Amino acid sequence: MDTGFFDKVKELKFTSRKHRISDEDAVDRINSYYTPIIIIFISTIIGTKMYLVGDPVQCWIPPEFKDGWEQFAENYCWVKNTYYVPENESIPSDKLDRSREELTYYQWVPFVLALQALLFYLPSAIWKLLNWQSGIHISDLVSTALNCLEDDEQKRQEKVALLTRHIELTIVKQRTQKYGLIVRTKRLIFRILFCGYTKTGNYLTMMYLGIKLLFIANVVGQFFLLNSFLGTDYKFYGWEVLNDLINNRDWHHTGHFPRVTLCDFDIRVLGNMHPRTLQCVLVVNLFNEKAYIFLWFLFVFVSIITIVDAIAWFLWTVLSKRRYATIKKYITPADQQERRMLRDFLEEHLRADGAFVLRIISKNAGDPVVSDVVKQLWDSYRASPSAKNSRPIRDNDYADPILSATGEPNSEKGTFV
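Residue numbering for the sequence shown follows the numbering used here, starting at 626 and increasing by one per position.
Structural data, given as structure tokens:
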């Protein structure tokens, strides 16, 4: 394969940074970029309050404690965990009962939030790795397309030609290229996992649907992780905690994110142990409560748009009319022969992966660039020998199997819809 093209693409410089280069759609960026930034920001605020500014826990110290004991006791209670007992209840005498009421989460909040941010980014990292391994450098295509928006007409046409050449090399010609044993084995694994690979023309498309499922699994799993970490019985955590606050049921009644807790502290004097129960204030729980309410509603929003977006991509993938309509709108066949050529251009030449790449470019750089690329791809195909062998149009051409099964009529016979 001609690798000189890839070197040319990598040498292209940006004239503007107003666009964020992406090989995903907007919903993917919300999952993998904006949501992790929000979570890391919250984690930084809480972590700063806990470990850099002020004391994470402040305890009431008996007057007989000597100098230095206060700091030691507070550090001990912070590390050991505190427990919560409502003010109208007596403190359990059994240590086992006290341990059941321990709050084990507050020291770990910044670290667990960082883990949650990483989990949101993970599907995107997998997608970037796998699509790069396929040889189809979508991020390079998007960056080149974005540059086209800011260049003069001559440079614009040069970069459109680069885009066209890249798509033809990686999506069309790879299907006829022969590979060694190792590469064939790897592609066989990808075919099993994603129901296809570049030679079948649906590798990227099926892999992208798999990534969409990972995004859904992640955001749904975030709810279970949140409930498990906080040890709450609420099924709809954010909504129920917010409802408690609206109805004046604060932490005194619910025990969620208590500000005042207890800590058992033993003092060794002359070889004898003297137990003490200290009353401590967890100021950080004031921030934790508001942060997790906000995050819960953020996860609800992200889960809704992620599921809706995944359904839309699934329908776009399985409904051939919808998939190819995004390309056909840029092309106007002149006669019956060109309509036959257009059908084969879409179904045999570009296939699902070609339509997918063009759609990703359109979502990131807009229709003008994609329009020019499609026209160049179409002109190149019309001049190729394979275009001369286009089979005649049948009555059921472009009939979608799903629509046919439901009895929906197709549009005019012999035309692309």
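Here a beta-carbon is modelled for each residue, glycine too, at the ideal position from N, C-alpha and C. Just so it is clear, the structure is predicted and the values come from calculations on it, not from any experiment.
Partner residues in the beta bridge of Met-898, as assigned by DSSP, are Arg-893. Between Asp-934 and Val-652, the C-beta spacing is below 8 Å. Annotation for Cys-702: Val-682, Cys-684, Cys-888, Phe-890, Leu-903 and Cys-905 place their beta carbon closer than 8 Å to its own, counting only its chain and skipping 5 residues before and after.
Per the C-alpha coordinates, the member of Arg-964, His-974 and Leu-923 positioned closest to Leu-1002 is His-974.
Around the beta carbon of Val-767, 16 or more other beta carbons lie within 10 angstroms, which makes this residue buried. Taken atom to atom, the span from the alpha-carbon of Lys-1000 to that of Gly-846 is near 44 Å.
Leu-774 sits in coil when the DSSP states are folded into three classes, being neither helix nor strand. The shortest CA-to-CA distance from Phe-736 to any of Thr-795, Gly-672 and Glu-865 is the one to Gly-672. Under the criterion of beta carbons closer than 8 Å, Thr-660 and Phe-745 qualify as touching, at roughly 5 Å. Counting along the chain, the unbroken alpha helix (DSSP H) around Phe-848 starts and ends at 828 to 855.
Pairing Glu-778 with Asp-997, the inter-Cα distance amounts to about 12 Å.
Counting the other CB atoms within 10 Å of its CB gives Asn-772 a total of 16 or more, which places it among the buried residues.
Note that the C-beta distance between Tyr-731 and Asn-913 is below 8 Å. Distance between His-899 and Ile-664, taken at the CA atoms: about 43 Å. Rounded to whole angstroms, the separation of the alpha carbons of Asp-1004 and Leu-851 is 54 Å. Contact between Asn-656 and Phe-840 holds, with the beta-carbon distance rounding to 5 Å and staying under 8 Å. A straight-line Cα-Cα distance of about 35 Å links Val-908 and Pro-748. For Leu-944, the secondary structure class from DSSP, reduced to helix, strand or coil, is coil. Nearest C-alpha to Glu-712 among Val-885, Arg-984, Ala-770 and Ala-937: Val-885. Pro-993: member of the alpha helix (DSSP H) spanning 992 to 1007, first to last residue.
Separation of Ala-990 and Val-785 (C-alpha to C-alpha, rounded to the nearest whole angstrom) is 12 Å. Taking C-beta separations shorter than 7 Å and ignoring five residues to either side along the sequence, the partners of Glu-726 in its chain run Tyr-708, Tyr-709 and Val-710, following chain order.
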